Amino acid sequence: METKANYVAVGVFVLTCFVAAMVFLLWLAGAQYANEFAVYRTYFQGSVTGLGAGTIVRYNGIDVGNVRDVNFDPTNPRQVIADLQIDPSLRLREDAVVTLEAQGLTGGTYVQITGGTPGAAFLERAPDEQYPVINSRQSAIQLLFQETPELLTGLTTLAESGAQ
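Everything in the sequence shown is counted per my numbering, starting at 136 for the first residue and increasing by one.
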């Protein structure tokens with residue numbers, strides 16, 4: 136009789152540990168996903184190399200969220216749609232601007248939001264949009280890479296005409 140009692144005690148102990156582990160994992164997952172975010176949308180023109188889900192979003196250099204999703208715009212082949220998850224305590228102004236920035240010369244890409252003016256209205260969702268839309272512009276690095284082939288073509292033409 137004593138042998139059976141040990142098997143029952145071991146079984147109860149193992150089941151209790153398993154249930155406790157499952158409760159802990161569910162609690163941990165719930166705590167991780169309990170963070171609430173405000174979702175904003177932005178439209179980038181041209182290439183968004185290095186941008187993907189999980190990319191850091193910074194507001195005036197401070198981490199405030201991440202990129203939730205990146206998709207092609209079905210109505211405009213030159214445009215990319217990015218949905219940003221941002222700390223809900225941050226209230227963006229209508230004249231806030233989004234750019235893609237690089238961390239150093241070989242670093243990763245991040246999304247930079249530059250704050251608007253204090254007198255501007257807070258950004259609200261337009262009736263025809265799913266989320267509030269933040270205006271975007273190309274960063275200096277993007278403009279440099281975009282203009283480099285044209286600059287090299289001009290320099291080559293100039294060098295060839297000077298050599299003749």
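For glycine and all other residues, C-beta sits at the position ideal for the given N, C-alpha and C. These numbers were taken from a predicted model, which means no experiment stands behind them.
For GLU236, the uninterrupted beta strand (DSSP E) run begins and ends at 232-237, by DSSP.
ARG176 places its beta carbon less than 7 Å from that of VAL268. DSSP, reduced to helix, strand and coil, places PHE172 outside both helices and strands of the structure shown, so it counts as coil.
THR184 and THR244 have their C-alpha atoms spaced approximately 8 Å apart. ILE221 sits away from GLY254, with the two beta carbons spaced by 7 Å or more. In this structure VAL233 is in contact with ILE248, their Cβ atoms being roughly 5 Å apart against a cut-off of 8 Å.
In terms of CA proximity to TYR194, PRO223 leads the group ARG260, ASN206, PHE207 and PRO223. ASP204: member of the beta strand (DSSP E) spanning 197-207, first to last residue.
A direct Cα-Cα distance of roughly 16 Å separates PRO209 from ASP263.
Between VAL205 and LEU186, the CB-CB gap stays under 7 Å. If you draw a 10 Å sphere on the C-beta of SER296, you find fewer than 16 other C-beta atoms in it, and that means exposed. Comparing C-alpha distances from ILE197 to each of GLY146, VAL246, THR252 and PHE153 shows the shortest one belongs to VAL246. Proximity to SER271 across GLN180, PHE159 and GLY146 peaks at GLN180, based on C-alpha coordinates.
Across the structure, ARG228 and ALA237 are spaced so that their CA atoms are roughly 24 Å apart. In the three-state reduction of the DSSP assignment, THR151 falls in the helix class.
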